[in-house]
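Protein chains in written order, with this note's numbering: chain A, 1 to 245; chain B, 1001 to 1213.
Where a beta carbon is used, it is the ideal one built from N, C-alpha and C, also for glycine.
Remember, predicted model here, so these are calculated numbers, not experimental data.
Right, here's the structure in full:
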């Protein structure tokens, strides 16, 4: 596969009733039937959502971020299921700032792809498992990036031992299609995972990095944020809110 | 919808979380009052009240995710009939009438009497068949669980809480319900240019990953 193909955004083609993974090296007719893939994240605490400030993430796009959304490149899509090399390896420096111009997979050492895009539909990790891995992969890099900027100690053992299972068991992930026909896999990081990533005390003591958005305010903001609008309905509040600060 | 229709509406705060829902229900039960109905005309202009809306879809069978398409008189396409929940006798078009008040901490129901909205009564299927009912007793494939809604909706205040309810086509008599040409998969419908705004919002929250191959 050519290098520029690895760096292009993953696309799916809809042929009733299936979405098929597009090979980026094959010419595509009807681009209107192509759907790019995105990963999205919200962070939920027992008292509301957590918005990270630009001081904590330095994406230089907004003053604060209630959600994060990343397009997925083919390189990262392949890399995320090389679990031992991409998910069991916690980087010291996150390459997320220049994403997707500089994809994350390029920063992973010793990464070789044993198969191509064409082989993905035959693999055992397709499709749900791969999307979970992909979600964990971007979350890990986002977390590492925030830790790196604010000088917070990375909880490597949690990332390596528990992150994938915690996401899977949280059941706070969901999917949706935007009016622009993008396929979005969204994860509401539940309070239990958030607490494993950042301590409650740290989040409360550093409003310059993290701001609490009460649920009532999130409901109002949901009219402008499609993922939040669906996410509020998805939260299995019963299990999410078992964890209290 | 007829402004005199009384619809079920809860304070917005009741849907903040499961515990908020329990607190709200407990408070009402202590008072011995169970009713939370209000006139639709009032609720529609009230941002602090959330009206409960069922998005009723007619599913081809329980194996395939194909839903009946309604071609509305103004040219829009829709596969979900919006029905405001009420606990009054079914009188007004666009309401789903429950014969009990099922709103407790663990609240669920799957049966109601639907009085269909005028525009759906005047709609036609893809094969040209007219919608044959004005009123029908619906028995859903899966129960609707409170407070687990699908999304918020509202043209002005985002003040409806939407619950998706599916009914199997075999519940109805008549050939139009058996003809697969009258049904459509959700991603196909989302690509239609003239799809109803509520459909875009509700159907967008689809489990597309079940269609990956």
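Are residue i and residue j touching if we call contact CB-CB under 8 Å?
| i | j | result |
| --- | --- | --- |
| residue 186 of chain A | residue 227 of chain A | yes |
| residue 1162 of chain B | residue 1183 of chain B | no |
| residue 83 of chain A | residue 160 of chain A | no |
| residue 1122 of chain B | residue 1047 of chain B | no |
| residue 51 of chain A | residue 184 of chain A | no |
| residue 61 of chain A | residue 96 of chain A | no |
| residue 1169 of chain B | residue 1081 of chain B | no |
| residue 136 of chain A | residue 111 of chain A | no |
| residue 1063 of chain B | residue 1071 of chain B | no |
| residue 1066 of chain B | residue 1181 of chain B | no |
| residue 1165 of chain B | residue 1015 of chain B | no |
| residue 57 of chain A | residue 214 of chain A | no |
| residue 1116 of chain B | residue 1093 of chain B | yes |
| residue 104 of chain A | residue 1190 of chain B | no |
| residue 40 of chain A | residue 67 of chain A | yes |
| residue 49 of chain A | residue 216 of chain A | no |
| residue 53 of chain A | residue 182 of chain A | no |
| residue 1151 of chain B | residue 75 of chain A | no |
| residue 59 of chain A | residue 35 of chain A | no |
Checking the sheet assignment: what are the DSSP bridge partners for residue i?
| i | result |
| --- | --- |
| residue 1144 of chain B | B/1109 |
| residue 62 of chain A | DSSP, once it has assigned bridges, lists no residue as partnering residue 62 of chain A. |
| residue 1208 of chain B | DSSP, once it has assigned bridges, lists no residue as partnering residue 1208 of chain B. |
| residue 185 of chain A | A/39 and A/175 |
| residue 1010 of chain B | B/1050 |
| residue 13 of chain A | A/20 and A/34 |
| residue 210 of chain A | A/52 |
| residue 1078 of chain B | B/1070 |
| residue 1115 of chain B | B/1095 and B/1135 |
| residue 1151 of chain B | B/1162 |
| residue 73 of chain A | A/9 |
| residue 1127 of chain B | Answer is none; residue 1127 of chain B lacks a bridge partner. |
| residue 222 of chain A | Bridge partners of residue 222 of chain A: none, in fact. |
| residue 1083 of chain B | B/1054 |
| residue 68 of chain A | A/41 |
Drop a sphere of 10 angstroms on the beta-carbon of residue i, count the other beta-carbons inside from all chains shown, and report buried for 16 or more, exposed for fewer.
| i | result |
| --- | --- |
| residue 124 of chain A | exposed |
| residue 116 of chain A | exposed |
| residue 1128 of chain B | exposed |
| residue 302 of chain A | Because chain A in this structure spans residues 1 to 245, residue 302 of chain A falls outside the shown range and cannot be described. |
| residue 1212 of chain B | buried |
| residue 1106 of chain B | exposed |
| residue 1089 of chain B | exposed |
| residue 237 of chain A | Since pLDDT at residue 237 of chain A reaches only 49, below the 50 mark, its modelled position is unreliable, and the value read off the structure follows with that caveat. Residue 237 of chain A should be labelled buried. |
| residue 1196 of chain B | buried |
| residue 1142 of chain B | exposed |
| residue 3 of chain A | exposed |
| residue 16 of chain A | exposed |
| residue 1199 of chain B | buried |
| residue 14 of chain A | buried |
| residue 1194 of chain B | exposed |
| residue 191 of chain A | buried |
| residue 201 of chain A | exposed |
| residue 30 of chain A | exposed |
| residue 1029 of chain B | exposed |
| residue 1204 of chain B | buried |
What distance in whole Å lies between the Cβ atoms of residue j and residue i, which are believed to be in contact at a cut-off of 8 Å?
| i | j | result |
| --- | --- | --- |
| residue 1053 of chain B | residue 1108 of chain B | The pair is not a contact, with the Cβ atoms about 17 Å apart (cut-off 8 Å). |
| residue 167 of chain A | residue 72 of chain A | So it is not a contact: roughly 16 Å between Cβ atoms. |
| residue 120 of chain A | residue 21 of chain A | 6 Å |
| residue 1086 of chain B | residue 1008 of chain B | 6 Å |
| residue 5 of chain A | residue 26 of chain A | 10 Å between Cβ atoms; not a contact. |
| residue 141 of chain A | residue 170 of chain A | About 19 Å separates the two Cβ atoms, so there is no contact after all. |
| residue 1041 of chain B | residue 1049 of chain B | Going by Cβ atoms, the distance from residue 1041 of chain B to residue 1049 of chain B rounds to 12 Å, so no, they are not a contact pair. |
| residue 223 of chain A | residue 1158 of chain B | 4 Å |
| residue 1039 of chain B | residue 1012 of chain B | The pair is not a contact, with the Cβ atoms about 18 Å apart (cut-off 8 Å). |
| residue 1147 of chain B | residue 1174 of chain B | Going by Cβ atoms, the distance from residue 1147 of chain B to residue 1174 of chain B rounds to 35 Å, so no, they are not a contact pair. |
| residue 197 of chain A | residue 143 of chain A | 5 Å |
| residue 113 of chain A | residue 78 of chain A | 5 Å |
| residue 69 of chain A | residue 38 of chain A | 6 Å |
| residue 188 of chain A | residue 231 of chain A | 5 Å |
| residue 1209 of chain B | residue 129 of chain A | In fact, because the Cβ distance is near 11 Å, the residues do not count as touching under 8 Å. |
| residue 1125 of chain B | residue 1069 of chain B | 7 Å |
Ordered list of alpha helix (DSSP H) runs contained in the stretch 86-172 of chain A, each at least 4 residues: 128-150, 156-161 and 163-170
In chain order, what are the residue ranges of uninterrupted beta strand (DSSP E) at least 3 long that sit wholly in the stretch 1014-1070 of chain B? 1037-1039, 1049-1059 and 1066-1068
Ignoring anything shorter than 3 residues, give me the beta strand (DSSP E) runs that lie fully in the stretch 23-49 of chain A, in order along the chain. 34-45
Threshold first: 4 residues or longer. Then list the alpha helix (DSSP H) segments lying entirely within the stretch 1168-1202 of chain B, N to C. Whole alpha helix (DSSP H) segments, 4+ residues: 1186-1190.
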